[in-house]
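Protein chains in written order, with the working numbering: chain A, 1 to 225; chain B, 1001 to 1225.
A short worksheet on the structure shown next.
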DNA sequence: GTGGCAAACTTGACAATGTCAAGATCGAGT
DNA sequence: ACTCGATCTTGACATTGTCAAGTTTGCCAC
């Protein structure tokens, strides 16, 4: 936050905007904020590194120093997405009844609500082509989200599941259900079902229906063969 | 530049198939074939109109006349994908026992097997940003695939479902399961589960498990309010 | 203080891409 | 035979991601 009042060097300094310095100070955060804005407005497909830099008020090559390349920036933002999703899951769980079935429903509903409320962000989080899946922060954040689901499911099976219930296939089934539903919904594949209802409202009602049916399936005996 | 004396001779012996264009013979088909090759090799993310034209042996602007733009070409290819998927579903159904449960499993397994065997193609089919969802051929082909699932599910419910079974939520659940599982698998999100097994093998075994659990849920009473 | 140094930005360039406009070529109908 | 229109090519343009080299500035040793 320094004012530039010194003598002018040989090169004409173009940054006339008052209050701006050569060093941004918090470019990393500014870029992430710009990315969020951009994704919200235009979707993942129209995201552009240069436009992102433009909105943050820096040159087109500035992001490279903080994120390496475009993939780096999107990876960082995707990690933030998983963190927010975990936060939402915890909030939903805290507000739900403490029985295992309600807790499991809370996690599933949080998954769906997050997806609907953050369409582009959610889509980015599962677009391997734009991300670096090996990034430690991303892995950790994704793992944390999965862990929420895993714990809720384990508790559910302990309480309602059959004695010989195997965790893995049921975990997989639950994840597939919420993820598939979210994906199809966001890709406008369910518009015929949804009719006039808003996506958020539909994710609520249809989501609850599905989670109910799902729970029924989970309570039955072990899968065949 | 090279002059085209190669074209001087009269009609070069070309395919007797009477059909469309004559300049290239069948540029439309050649471009679709090139697209398939490209997608198979490099994935949706690296698909390029120019590279596609290059492989078909024509100039970079040639595709425009047949498909309008890149989206047009990909849309046409996605439609083909749905058609092939329907064909696979029918083949699986024909080979399966005729009872409703086996028929439903066959459709689900066909969905999964198609996805695994045609990764990029499948991903393209559900990537709205690269497609024109309003395209009539695409809509029809997609609808046909959905119809396979719908019929199998209706028959299943008639035979095994509870009396008051509502079709829509159960259809949605089934679609979400197979689609979510396929999506997660193809995005390498299930590698920890899959361990060393091949994707195809895993789609078989884990898919069968899930479809079994799913069927159990579908046979229960109506979902809670 | 006062250099000096490395991190934080900028500028400029490059190859690629999708699309458009204008020209070239060739098969076919009349 | 001869135009005509569909098919294909060439060339150009704006944009993009990334790299290399230059510029600015905070800050730490002295």
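We treat Cβ as the ideally placed atom computed from N, Cα and C, and that holds for glycine.
Just so you know, these numbers come straight off a predicted model, no measurement behind them.
8 Å Cβ cutoff met for residue i and residue j
i, j, result
"residue 1178 (chain B)", "residue 1111 (chain B)", "yes"
"residue 1103 (chain B)", "residue 1174 (chain B)", "no"
"residue 1212 (chain B)", "residue 216 (chain A)", "no"
"residue 1087 (chain B)", "residue 1096 (chain B)", "no"
"residue 1183 (chain B)", "residue 21 (chain A)", "no"
"residue 1137 (chain B)", "residue 126 (chain A)", "no"
"residue 1155 (chain B)", "residue 1070 (chain B)", "no"
"residue 49 (chain A)", "residue 27 (chain A)", "no"
"residue 1109 (chain B)", "residue 1207 (chain B)", "yes"
"residue 120 (chain A)", "residue 40 (chain A)", "yes"
"residue 1219 (chain B)", "residue 1161 (chain B)", "yes"
"residue 171 (chain A)", "residue 150 (chain A)", "yes"
"residue 1176 (chain B)", "residue 210 (chain A)", "yes"
"residue 1062 (chain B)", "residue 1076 (chain B)", "no"
"residue 185 (chain A)", "residue 116 (chain A)", "yes"
"residue 203 (chain A)", "residue 113 (chain A)", "yes"
"residue 1055 (chain B)", "residue 1037 (chain B)", "yes"
Contact with chain B by residue i, beta-carbon distance below 8 Å
i, result
"residue 179 (chain A)", "yes"
"residue 129 (chain A)", "yes"
"residue 43 (chain A)", "yes"
"residue 134 (chain A)", "no"
"residue 217 (chain A)", "yes"
"residue 220 (chain A)", "yes"
"residue 122 (chain A)", "no"
"residue 188 (chain A)", "yes"
"residue 183 (chain A)", "yes"
"residue 214 (chain A)", "yes"
Where the alpha helix (DSSP H) containing residue i begins and where it ends
i, result
"residue 1075 (chain B)", "1070-1095"
"residue 1143 (chain B)", "1136-1160"
"residue 209 (chain A)", "199-218"
"residue 1107 (chain B)", "1100-1117"
"residue 57 (chain A)", "Run containing residue 57 (chain A): none; DSSP gives neither H nor E here."
"residue 25 (chain A)", "No alpha helix (DSSP H) holds residue 25 (chain A); DSSP gives it neither H nor E."
"residue 192 (chain A)", "191-194"
"residue 1182 (chain B)", "1167-1186"
Residue-chain proximity (residue i, chain A), Cβ-Cβ < 8 Å
i, result
"residue 1210 (chain B)", "yes"
"residue 1082 (chain B)", "no"
"residue 1157 (chain B)", "no"
"residue 1170 (chain B)", "yes"
"residue 1198 (chain B)", "no"
"residue 1206 (chain B)", "yes"
"residue 1077 (chain B)", "no"
"residue 1007 (chain B)", "Here the model assigns residue 1007 (chain B) a pLDDT of 30, short of 50, so the residue's position is not dependable and the matter cannot be decided."
"residue 1193 (chain B)", "yes"
Where residue i falls, given that 16 or more other Cβ within 10 Å makes a residue buried
i, result
"residue 1130 (chain B)", "buried"
"residue 1091 (chain B)", "exposed"
"residue 158 (chain A)", "exposed"
"residue 124 (chain A)", "buried"
"residue 1165 (chain B)", "buried"
Heavy atom of the ligand PLP within 7 Å of residue i beta-carbon
i, result
"residue 94 (chain A)", "In terms of ligand content, the structure shown is empty, and the ligand PLP therefore cannot be addressed."
I want to know whether the region 1032-1046 of chain B touches the region 1073-1082 of chain B - three or more CB-CB distances under 8 Å. The region 1032-1046 of chain B and the region 1073-1082 of chain B touch, with no fewer than 3 CB-CB distances between them shorter than 8 Å.
I want to know whether the region 1187-1199 of chain B touches the region 1141-1152 of chain B - three or more CB-CB distances under 8 Å. No, the region 1187-1199 of chain B does not touch the region 1141-1152 of chain B.
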